[in-house]
Amino acid sequence: MGLWFLFLGLCIGVLVRCIHTLYRNYVSARKTGLRFIVSPITPYTVAWQVATALLRPVLVKFRWFRAIDWTCAWQDGNSLHEELGSCFIVVSPGLNVLCSSDSRTIVNVLRRWREFVKPDNVNEIIGLFGQNVDTSNGDDWPRHRKLTAPCFSERASTSVWNEARHQTSALVTQWLSAPNHKINTLFADTGTLALNVVSAIAFENHQTTQPAKGHSLSLHDALTTIMGSSLAPALEALPHWLKSEKFLPKQVTHVIAATGEFSTYMDALISRERTKPAAASDAKLNLIGTLIRASGEKDGEMNARLSDEEVRGNVFNFIIGGLEPTAIALSYALALLAVHGDVQEWVLEEIDEVLGEGGDSYKDVYPRLKRCLAVMYETLRLFAPSPPPPRSFATPSSPHEIPTSSPTHPSLTLPPNTQIMLNPWSTHASASHFSSPSTWDPRRWLDASGNLVHSAGFFAWGSGPRICPGMKFSQVQFCAVLAGVLARVQLVVGPQEKEGILGVLMDSGAEPLVLKVRRPGELWVGVEERVRGA
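Following the UniProt record's numbering, the residues of the sequence shown are numbered contiguously, the last one being 534.
Written out as structure tokens, the structure reads:
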């Protein structure tokens, strides 16, 4: 009985504390003059992740959840911000969250990277396998940036181009052998292709679908399992004795096994690279070797080196960063091109002209594929994999001022204990930045001279000093694959099938980390071999 009263007392104490902090944050939110909504759960915490995994069908009915959840933010486009303003606040017991779709605010926050840092509760997700260039803050970020910069050289872009062309050739041959020349594996195939390209560049592994010796899972299965579970970071923190089939469901232990398998793959590769002769390491590019050599160039400066854990963390970050945006952009773009035959013909004109001259090298072909790149930009405008991670104050106890585009609130003073959720999905869907924003139209990205036009409201790779370092990597891979596919085949769907394909694409969700279609097997596309010049 005594234990019961003790437990009840603890629960009451926690509840009272939550109510007190919620009221305190409510008062702070009112002082900003912005509109706000109240959440009973603190966003981005383990409790939020667990509640989302278990109670999503119920939670999506609440506006406070839709304001923070990435899937709902994408589904709602600009509607919630049209209702509440380009900046509004979500009040919760643990902290307040400023939700902003204001392009001026987004640019300013991302530019001031020393003042607005990535919070620890978010870094636990993207830093699952170690600190990396994406999770580091303060003075540690320039160190990571400097040591990882060689991974994104022109030499790397050339390797990406060549490997992507090679993988695309094999994929198109596979598609042409499909029964009735129709496929419903578009998303799976482009995901595997992107992973094969990244793996070949990262550690000279061209095939990822078969388990290596001593492994129960392939690299492909390990990665897709990790990326498909929002619980991976929380599970990694469990004590070893609890990570057992005796205590946890099979699905959960499978996620734990996948994280262990990936770590083992990485540790073996790092060990191999550290013992490889320098001449052999320089002979062929791979990201692990590049990271190790770059961090070992200054003997005696141990603080300038990357630890094995940091190498592993950066490689995981590069794989995810190089895999997801490219694979997602490719799969959505190919499906949309099948639906929009006029746009496909527009892109084919460029591909036939550029490739018809006989060149195939990165330096000769890639810079001329402007329409291919416009397709990528427009696809990422409507189907960006994820927004930039939230930001918190580097000095949590001090207020911070940020500018906005609002004539009534040209600047905001944010109180302490506030995080910032940047929502480019809303910006990308705003008529103030893009005419007919719900229409997929790659032509909007090129001017009359055929040069790429950059919009102040476009944030597919972020902005500022911490813009995605793999942006060029993904652009080169996308253009190589798109040109390689359309040079050999035309993607076709019947008039009666177009609405169904668009329905599958719009039934997407960012669960848990990146935007993906939920029913990829229902998307059927015809593949017809082209005869160039016919």
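A virtual CB, placed ideally from N, CA and C, is assigned to each residue, including glycine.
Owing to the predicted nature of the structure, the values given are computational and were not obtained by experimental measurement.
- DSSP places A510 in the strand class (E or B) of the three-state scheme.
- Here C468 is buried. Its C-beta has 16 or more other C-beta atoms within 10 Å.
- Contact check for H81 and S426: beta-carbon distance about 5 Å, within the 8 Å limit, so the pair qualifies.
- Under the three-pair Cβ rule at 8 Å, the segment 378-394 counts as touching the segment 418-437.
- When the beta-carbon positions are compared, E401 and T418 stay at least 8 Å from each other.
- Annotated three-state conformation of K472 is helix, per DSSP.
- Here T105 has C87, I402, P403 and T404 as same chain residues with Cβ atoms under 7 Å from its own Cβ, once five neighbours each way along the sequence are excluded.
- Between V489 and E528, the CB-CB gap stays under 8 Å.
- C-alpha of C18 to C-alpha of G462: approximately 34 Å in a straight line.
- Remark: fewer than three beta-carbon pairs, one from each stretch, lie closer than 8 Å, so the segment 128-135 and the segment 445-462 are not flagged as touching.
- Check the Cα spacing between D221 and each of G191, A200, A178 and A460: the tightest is with G191.
- Taking the Cα of F116 as reference, the smallest distance to any Cα among Y377, M471, G464 and L505 is reached at G464.
- For V172, the secondary structure class from DSSP, reduced to helix, strand or coil, is helix.
- It is roughly 15 Å from the alpha-carbon of Q210 to the alpha-carbon of E204.
- Out of V525, T158, L515 and T224, the CA that lies nearest to the CA of A73 is found in L515.
- For L171, the closest C-alpha among the options E497, A480 and V476 is that of A480.
- Where S79 is concerned, the enclosing alpha helix (DSSP H) starts and stops at S79 to L84.
- Scanning its chain for C-beta atoms nearer than 6 Å, with the 5 sequence neighbours on each side dropped, one finds around E163 the residues V197 and A200, in chain order.
- Following the DSSP letters along the chain, one finds K516 inside the beta strand (DSSP E) bounded by residues L515 to V517.
- Rounded to the nearest whole angstrom, the C-alpha separation of A448 and P93 is 52 Å.
- Judged by their CB atoms, V492 and I501 are not nearer to each other than the 8 Å cut-off.
- Rounded to whole angstroms, L269 and G321 show a C-alpha spacing of 19 Å.
- The straight-line gap separating the alpha-carbon atoms of K498 and L323 is approximately 27 Å.
- Look at K146 here: in three-state DSSP terms it is helix.
- In this chain, E401 is not harboured by any alpha helix (DSSP H); it is covered by the beta strand (DSSP E) spanning H400 to P403.
- Nearest to P150 by C-alpha distance, out of N317, I288, V485 and G358, is I288.
- Looking at the DSSP output, N96 bridges to V91 and T418.
- By the C-beta density criterion, R518 is exposed, having fewer than 16 other C-beta atoms within 10 angstroms.
- Excluding five sequence positions before and after L369, the CB atoms of its chain that fall closer than 7 Å to its own CB belong to E350, V354, C479 and A483, given in chain order.
- Where L348 is concerned, there is no enclosing beta strand (DSSP E), although the alpha helix (DSSP H) around it starts and stops at G341 to L355.
- DSSP, reduced to helix, strand and coil, places G359 outside both helices and strands of the structure shown, so it counts as coil.
- DSSP, reduced to helix, strand and coil, places T264 within a helical segment of the structure shown.
- Bounds of the alpha helix (DSSP H) holding V375 are K370 to F383.
- Only residues of its own chain outside the window of five on either side were considered, and among them L128, A232, V255, A258, T259 and F262 have a CB closer than 8 Å to the CB of I226, listed in chain order.
- Residue pairing of R391 in beta bridges, as defined by DSSP: I420.
- Along the segment 180-231, the alpha helix (DSSP H) occurs as fully enclosed runs of 4 or more residues at 186-203 and 219-227, listed in sequence order.
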